[in-house]
Amino acid sequence: MSGFLDRLLGRGKGSGATAKQRLQFILVHDRINLSPERMEEMKREILAVISKYVNVDDDHVDIALQQGNQRGSVLVAEVPFTKAVEGIERDDPEILSSLDETVPKRDAASGASRPEADEQRDD
Amino acid sequence: MGEAGRPTAKPPARPTTLPGPAQHNAHGKKSKVVTITSGKGGVGKTTTTANLGVALARLGKKVVLIDADIGLRNLDVVMGLENRIVYDLVDIIEGRCKLRQALIKHKAFPDLYLIPAAQTRDKTAVTPADMVQLTDQLREEFDFILIDCPAGIERGFRNAIAPADMVLIVTNPEVSAVRDADRIIGLIEAENKGPGQLILNRVKADMVRRGEMLSPDDVVDILAIKIIGIVPEDENVIPASNSGVPVSLNENSRAGAAFRNIARRLNGEEVPITPLDGGGNILQRFVRFLVGSDSQ
Chain C
1 MSGFLDRLLG RGKGSGATAK QRLQFILVHD RINLSPERME EMKREILAVI SKYVNVDDDH
61 VDIALQQGNQ RGSVLVAEVP FTKAVEGIER DDPEILSSLD ETVPKRDAAS GASRPEADEQ
121 RDD
Chain B
1001 MGEAGRPTAK PPARPTTLPG PAQHNAHGKK SKVVTITSGK GGVGKTTTTA NLGVALARLG
1061 KKVVLIDADI GLRNLDVVMG LENRIVYDLV DIIEGRCKLR QALIKHKAFP DLYLIPAAQT
1121 RDKTAVTPAD MVQLTDQLRE EFDFILIDCP AGIERGFRNA IAPADMVLIV TNPEVSAVRD
1181 ADRIIGLIEA ENKGPGQLIL NRVKADMVRR GEMLSPDDVV DILAIKIIGI VPEDENVIPA
1241 SNSGVPVSLN ENSRAGAAFR NIARRLNGEE VPITPLDGGG NILQRFVRFL VGSDSQ
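Rendered as structure tokens:
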């Protein structure tokens, strides 16, 4: 019935919905201004940190960008893991130093959202 | 959104009053510099600038339009003033004429003026500081200073937004135009000229109804920015440009009415944004009327 009514009203699901979906995907990547290589690097480093504590199921990891509040972006990560990594002390100096070399630069990370924009719209 | 994961570096402090510092002019009124921009070309920036200028003049405001598209002069033609140009924007900035000599007065509206772009120069002939200095002089006399920004994100864009108290972003409900508008919105924010307001131009109500065109709600969702007007596609617009008489002077034009409403909003009036005319055939309109679903 509702499909019939939609047709009678001249409404329908057309290419407009596709345009909206595509634009939302494109813009979330445009806005952060981070190259695909840097994005991959960030994902690898995030996983390296998590792997320090738990055994990550690498085949089912999903880290992706989504549109956040207003014009901000959200990094959404689904990281399945089995159990804590055994036999490594939390403050193991070797692991910490190996991580230090790959810690992302701050200015690259701060581009991931537009906090200014969020603040402005709060008023 | 969650801020917990962000590094401690804070964004620079921003002024909380928006839009920017409006100054009082000779009439003791606040003058406002409004830049009309879009990113993509061909979405209706110049048409919008011309129509808002005429509509504000009809509201009794003293208005000057600046064509900042150096090398691609167009606002003069759309306004029907192309035969009256002696001096241009670059002549003022390089001191070849007095500001007053380059102001072209509109025949029908004695309080509406145009400063045309130079046609034989390029955008590097003007700097953002030049534009700020020029508009500071114009603020003394005018209520509204509208700047028609060139397409693109280069020097011409920076010149045009440098003096802006308020930036209007014109776009069409098409993927390429919306994407470019988003880029421009980001750049405006980066220059502390944000957040800007949106004009959605050339909306076809019947296509929106069929789901074959992004609706105004869709575009606002995507761009996350305040909308100041929706201008329907209207066959009166091209004849108006053809004859150099902006469509906002046509009482029967729906696009003209939309531009007049935007001008009233710019002037501080509360004018509700009217839903799109539903479009469709007479049976569809009738059924929508019965079902009561004719609002967007």
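Which chain is which? The protein sequence lines are C and B, in order.
For the first sequence, position 10 matches number 10 in the working numbering, and the numbering has no gaps at all.
For the second sequence, position 163 matches number 1163 in the working numbering, and the numbering has no gaps at all.
Just so you know, even glycine gets a beta-carbon here, dropped at the ideal spot from N, CA and C.
Pair within 8 angstroms by beta-carbon distance, residue i and residue j
| i | j | result |
| --- | --- | --- |
| B:V1203 | B:P1232 | yes |
| B:L1223 | B:D1182 | yes |
| B:R1035 | B:A1190 | According to the sequence displayed, residue 1035 of chain B carries Thr and not Arg. No; because the gap between Cβ atoms is not below 8 angstroms, this pair is not in contact. |
| B:V1132 | B:P1163 | yes |
| B:N1201 | B:G1041 | no |
| C:K20 | B:D1218 | yes |
| B:I1169 | B:T1037 | yes |
| B:L1266 | B:L1056 | yes |
| B:L1112 | B:V1054 | yes |
| B:I1213 | B:P1150 | In the sequence under discussion, the amino acid at residue 1213 of chain B is Met, which differs from the Ile named in the question. Their beta carbons are not under 8 angstroms apart, which means B:M1213 does not touch B:P1150 by this criterion. |
| B:V1167 | B:V1126 | no |
| C:A48 | C:I63 | no |
| B:L1114 | B:L1052 | no |
| C:V54 | C:F25 | no |
| C:V28 | C:K52 | no |
| B:D1067 | B:D1148 | yes |
| B:P1195 | B:R1158 | no |
| C:V74 | C:I50 | no |
| C:G16 | B:S1215 | yes |
Cβ distance (whole Å) where residue i is taken to contact residue j below 8 angstroms
| i | j | result |
| --- | --- | --- |
| B:I1070 | B:A1117 | 5 angstroms |
| B:V1237 | B:I1227 | Rounded, the Cβ-Cβ distance is 20 angstroms, inconsistent with contact. |
| B:M1079 | B:A1102 | Incorrect: roughly 15 angstroms between the Cβ atoms, too far for contact. |
| B:I1093 | B:L1134 | 7 angstroms |
| B:F1259 | B:S1241 | The Cβ separation is near 13 angstroms, so there is no contact. |
Cβ of residue i within 8 angstroms of any chain B Cβ
| i | result |
| --- | --- |
| C:D30 | yes |
| C:T102 | Bear in mind that the predicted position of C:T102 carries a pLDDT of just 49, short of 50, making it unreliable; the figure below should be weighed with that in mind. No, C:T102 does not count as interfacial toward chain B. |
| C:R44 | no |
| C:R71 | yes |
| C:A64 | no |
| C:G16 | yes |
| C:G111 | Annotation note: pLDDT 42 at C:G111 (below 50); position unreliable, no value reported. |
Beta-carbon neighbours of residue i, restricted to chain C and to distances below 9 angstroms
| i | result |
| --- | --- |
| B:E1154 | Per Cβ cutoff of 9 angstroms: no residues; B:E1154 is ~17 angstroms from chain C at best. |
| B:I1036 | None at all; the shortest Cβ gap to chain C is about 21 angstroms. |
Closer than 7 angstroms at the beta carbon, the chain C residues around residue i
| i | result |
| --- | --- |
| B:A1129 | In chain order: nothing, as chain C lies at least about 24 angstroms away. |
| B:V1175 | A19, R22, L23 |
| B:R1183 | D30 |
| B:A1224 | Q70, R71 |
Selected residue, minimal CA-CA separation from residue i, among the options
| i | options | result |
| --- | --- | --- |
| B:E1154 | B:R1073, B:L1249, B:K1032, B:G1039 | B:G1039 |
| B:F1142 | B:G1080, B:T1274, B:K1105 | B:K1105 |
| B:F1109 | B:A1258, B:A1205, B:V1064, B:I1093 | B:V1064 |
| B:S1176 | C:K13, C:A17, C:R22, C:G14 | C:R22 |
| B:G1156 | B:K1061, B:R1073, B:K1107 | B:R1073 |
| B:S1253 | B:D1234, B:V1078, B:G1053 | B:D1234 |
| B:L1146 | B:N1172, B:E1269, B:A1263, B:P1272 | B:A1263 |
| B:A1205 | B:I1230, B:G1268, B:G1196, B:G1186 | B:I1230 |
| C:Q67 | C:P80, C:R31, C:E37 | C:R31 |
| B:R1139 | B:V1077, B:S1243, B:K1061 | B:K1061 |
| B:T1046 | B:V1245, B:T1274, B:A1125 | B:V1245 |
| B:S1031 | B:A1257, B:G1268, B:T1274 | B:G1268 |
| C:L65 | C:A17, C:S15, C:K83, C:M39 | C:M39 |
| B:I1225 | B:K1123, B:V1077, B:V1178 | B:V1178 |
| B:R1058 | B:L1099, B:T1274, B:K1193, B:F1144 | B:F1144 |
| B:D1130 | B:E1082, B:A1255, B:L1099, B:R1210 | B:L1099 |
| B:K1123 | B:K1107, B:D1136, B:R1096, B:G1152 | B:G1152 |
Closer than 8 angstroms to chain C by CB, residue i
| i | result |
| --- | --- |
| B:G1196 | no |
| B:G1080 | no |
| B:G1186 | yes |
| B:L1168 | no |
| B:L1214 | yes |
| B:D1218 | yes |
| B:A1004 | Because the pLDDT at B:A1004 is just 41, under 50, the model does not fix this residue reliably, and the value given afterwards should be weighed accordingly. Judged by the 8 angstroms Cβ criterion, B:A1004 is not in contact with chain C. |
Chain B contact residues for residue i, given Cβ-Cβ distances below 7 angstroms
| i | result |
| --- | --- |
| C:I26 | R1179 |
Interface residues of chain B facing residue i [CB-CB closer than 9 angstroms]
| i | result |
| --- | --- |
| C:K13 | G1211 |
Contacts of residue i in chain C (Cβ-Cβ under 8 angstroms)
| i | result |
| --- | --- |
| B:D1234 | Residues of chain C passing the Cβ test: none, with the nearest at roughly 20 angstroms. |
is_contact[residue i, chain D] using C-beta, thresh 8 angstroms
| i | result |
| --- | --- |
| B:D1076 | The chain inventory of the structure shown lacks chain D, comprising the protein chains C and B. |
Any non-hydrogen atom of the ligand GTP closer than 7 angstroms to residue i Cβ
| i | result |
| --- | --- |
| B:A1263 | In the structure on display, the ligand GTP does not appear, and there are no ligands present to speak of. |
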